[in-house]
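This report refers to the structure that appears directly beneath it.
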Amino acid sequence: MPFFTVDGQALHYIDQGTGPAVLLAGSYLWDQAMWAPQIAALSPHYRVIALDLWGHGESGRLPENTTSLDDIARQAQALLDHLDIDQVTLVGLSVGGMWGVRLALAAPQRINGLVLMDTYVGVEPEPTRQYYFSLFKQIEDSGEISAQLLDIVVPIFFRPGIDPQSALYQDFRAKLAAYSSDRLRESIVPMGRITFGRDDLLPRLSELNAATTLVLCGDQDKPRPPSEAQEMAELIGCPWVLVPQAGHISNLENPEFVTEVLFAFLAERH
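With my numbering, the residue at position 60 of the sequence shown is 41, and numbering never jumps.
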C-alpha cells in the first residue's frame, strides 16, 4: 500500500488505473474505502487516487503543525506533486469538499474539475458547532466513542430510513467503536475540531470556475442539507443535483446514481 510522508507523517493513499487523474476526498470518520463503488467503476477509465485523512484508515496521526483545512489542502497538493500529477478532477465529499475548495482556490491551475458533495464551506452554524464540540469533549475525556455516542453519531451519516441492521450501517458503527484512545485523542478529535471550527469561504466561492464545478447533495442529508448545497451552487454559479434516497454519504447510499453523474461530468472534462 503506498504511503507519502508529508509534515513528518505517513499519508496513506490508493492509486489505481490509468488516464486522466481523479482525486477522491472523503468524509470525516470514513477512510478511502468509502469510495469503493466509484473506484471500481472509474479506475478502468481514469487514474483514481483516494487518500485517508490523518488518523483515518492507514494514515498516520495528525501532524503537529496541522491546524487548519488549508494545511490539509497543502498536504494533498504535495501528494499530487509527489505523483507528478499536473491536473486533477477533485471529488470532495463533506470535509473533502471543505479542503477541496481551498486547494482549488490556492492552485486553480491544478484543478480541471471540482465536484462538491454533501459539503459546506461556510462556517458551521453555531448551535451545531457547539454540539459537535461537546461530543468531541466527551470522546476526549473517555478515550472512546461509547455505545450511547455511537447511537447519536452513526445515524447522522445516513438517510433517516436506513435499516440499522444493514452492513453499511453496522460496519461503520463497528469501525468507530474500534478506534483506540490514542487515535481518538491525537487525530480524530483534533481533526473534528479543525473541520467544524473552520473559517468562512462563502465570500470566495465566486472565484471558482463555474463551468467546471458541480454541487451534489443527498436529498435526505441531515448534517449538510440541500439548502446549503443550493446556496453554494448559486454563489458559484454552477449546477447542483440532488442524489435521491441518500443521506450524507450519498455515494454509498445511492452509488449507481452518483457514479453515473461522475462519469457524465468527467466526460465533459476529457
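Don't be surprised by glycine CBs; every beta carbon is placed ideally from N, CA and C.
(request) In angstroms with no decimal places, state the Cα-to-Cα distance between Val242 and Lys156. (result) Each residue's alpha carbon lies about 29 Å from the other.
(request) Say whether the region 185 to 201 touches the region 163 to 177, bearing in mind that this needs 3 or more beta-carbon pairs closer than 8 Å, one atom from each stretch. (result) No, because fewer than three Cβ pairs between the region 185 to 201 and the region 163 to 177 fall closer than 8 Å, the two stretches do not touch.
(request) State yes or no: is the C-beta of Arg91 within less than 8 Å of the C-beta of Ala54? (result) Here Arg91 is not near Ala54, since their CB atoms are 8 Å or more apart.
(request) Measure the Cβ-Cβ separation of Leu60 and Phe(-16) and say whether it is below 8 Å. (result) Between Leu60 and Phe(-16), the gap from beta carbon to beta carbon reaches 8 Å or more.
(message) I need the straight-line Cα distance from Trp250 to Leu95, nearest angstrom please.
(response) Checking the displayed sequence, the identity of residue 250 turns out to be Arg instead of Trp. One C-alpha to the other measures close to 10 Å.
(request) In angstroms with no decimal places, state the Cα-to-Cα distance between Ile66 and Ala85. (result) Within the model, the alpha-carbon separation for Ile66 versus Ala85 is close to 14 Å.
(message) Less than 8 Å between the beta carbons of Leu182 and Val102, yes or no?
(response) In this structure, Leu182 places its C-beta atom within 8 Å of the C-beta atom of Val102.
(message) Which of the three DSSP states is assigned to Asn232 in this structure?
(response) Here Asn232 sits in helix by DSSP.
(request) Along the alpha helix (DSSP H) that carries His(-7), what are the first and last residues, could you check? (result) His(-7): not part of any alpha helix (DSSP H); member of the beta strand (DSSP E) spanning Gln(-10) to Gln(-3), first to last residue.
(message) Please report the distance separating the alpha-carbon of Leu186 from that of Ser208.
(response) Distance from the CA atom of Leu186 to the CA atom of Ser208, rounded to whole angstroms, is 16 Å.
(message) Give me, in chain order, the residues of the same chain whose beta-carbon lies closer than 8 Å to that of Ala88; leave out the 5 immediate sequence neighbours on both sides.
(response) These residues qualify, in order along the chain: Gln58.
(request) Put Ile137 into one of helix, strand or coil per three-state DSSP. (result) Residue state for Ile137 is assigned as helix, using DSSP reduced to three classes.
(request) Quick one: using the 10 Å Cβ neighbour count with 16 as the cut-off for buried, is Pro204 buried or exposed? (result) The residue is buried, with at least 16 neighbouring Cβ atoms inside 10 Å.
(request) Would you mind working out which of Leu71, Gly36 and Leu(-8) sits nearest Ile159, comparing C-alpha positions? (result) A quick correction: the sequence has Ala, not Ile, at residue 159. Nearest C-alpha to Ala159: Gly36.
(message) Taking the straight line between their C-alpha atoms, what separation do you get for Ala148 and Ala17?
(response) Each residue's Cα considered, the two are about 14 Å apart.
(request) Give a yes or no on whether the C-beta atoms belonging to Leu131 and Arg110 are separated by under 8 Å. (result) No.
(request) To the nearest angstrom, report how far apart Thr176 and Thr48 are at their CA atoms. (result) Answer to the nearest angstrom: the Cα atoms are 10 Å apart.
(request) Determine, using beta carbons only, whether Ala214 and Trp221 come nearer to each other than 8 Å. (result) The answer is yes: Cβ separation under 8 Å.
(message) Suppose you measure from the CA of Glu188 to the CA of Ile217; what does that come to, to the nearest Å?
(response) A straight-line Cα-Cα distance of about 8 Å links Glu188 and Ile217.
(message) If you reduce the DSSP assignment to three classes, tell me which class Met98 lands in.
(response) In the displayed model, Met98 falls within a strand according to three-state DSSP.
(message) Within the continuous beta strand (DSSP E) that includes Ala31, where are the two ends?
(response) First-last of the beta strand (DSSP E) with Ala31: Arg28 to Leu32.
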